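**Student:** Can you keep this structure in mind? I'll have questions shortly.
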């Protein structure tokens, strides 16, 4: 925080690199797991939004569940690069409450797709703001979740995992870019964790082209997602830490 009045920063051990204390002005304490006892999202009450179209033959649905301001211009090329290798790729986004923010992002997509001589309107669909149950329904209607680079999804990744969706993620050095990595690690999964931007694109394309690999990843999430929820370990560790320092 950089604030003199803050003494400690408590963080998730799974979300931090070795030596992460150098990133903080506060005294630094790691707690095990994901730093939370997250309740299972009630995805059984999911409702498919009216904005979800009928599936086209061969269509592969990629979804970004993040707010558009988390999708940085440096990574705009990811979407057309996937589409250039998989013409059936469709990318779903959720519009911002600000029409100007949505329009700015759409203009960026238009430019990045045009650089590869592709029409962004053929590949991209913007859904309106949704209720919580519609959000779950949208995640279930997609095939693959594309995590945002540099600022990873946390709540959305916990919710997408509850919907059995595989998530492609590219962790960075800072904790904010490693939420989804930690979630995958907690489940014991690594097949959709990329080590470079090219690898991120390759994994996303493989999930679209290789049905067996996609099925394997879905089944792995389904079998291991229970490890994410109602975890008491960080709570007990927090209690122990409080007793130690107070």
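Residue numbers (our numbering): 1 to 246. Backbone N, C-alpha and C fix where the C-beta goes; we use that ideal spot for every residue, glycine too. In this text, all values refer to a predicted model and were calculated from it rather than measured experimentally.
#1: Pull up the distance between the alpha-carbon of residue 66 and that of residue 178, whole angstroms please.
#2: Cα separation between residue 115 and residue 76?
#3: Could you name the residues of the same chain whose beta carbon sits closer than 6 angstroms to that of residue 43, not counting the 5 residues immediately before and after it, in chain order?
#4: To test your reading of the DSSP string, which unbroken beta strand (DSSP E) runs of 3 or more residues are found completely within the region 39–106?
#5: Buried or exposed for residue 210, please, with buried defined as at least 16 other CB atoms from any protein chain shown within 10 angstroms of its CB.
#6: Pull up the distance between the alpha-carbon of residue 106 and that of residue 120, whole angstroms please.
#7: Going by Cα to Cα distance, which pick from 156, 118, 143, 97 is closest to residue 127?
#8: Can you confirm whether the region 191–204 touches the region 68–83 when touching is taken to mean that 3 or more C-beta pairs between the two stretches lie within less than 8 angstroms?
#9: What does residue 29 pair with, by DSSP beta-bridge criteria?
#10: Name the two residues that bound the continuous beta strand (DSSP E) containing residue 127.
#11: Mind the definition here: the region 166–183 touches the region 46–53 only if three or more C-beta pairs lie below 8 angstroms; say whether that holds.
#12: Does DSSP classify residue 203 as helix, strand or coil?
#13: By the three-class DSSP mapping on this structure, what secondary structure does residue 245 have?
#14: Need the endpoints of the beta strand (DSSP E) that residue 116 sits in, please.
**Tutor:** Result, derived from the coordinates:
#1: If you take the alpha carbons of residue 66 and residue 178, they lie about 15 angstroms apart.
#2: 11 angstroms
#3: Its chain contains 136, 162, 163 as the residues whose beta carbon lies nearer than 6 angstroms to that of residue 43, once the 5 sequence neighbours on both sides are disregarded; these appear in chain order.
#4: 60–63, 89–94
#5: exposed
#6: 9 angstroms
#7: For residue 127, the closest alpha carbon among the candidates 156, 118, 143, 97 is that of 97.
#8: yes
#9: 10
#10: 124–127
#11: no
#12: The answer is helix: DSSP assigns residue 203 an H, G or I state.
#13: helix
#14: For residue 116, there is no enclosing beta strand (DSSP E), as DSSP gives it neither H nor E.
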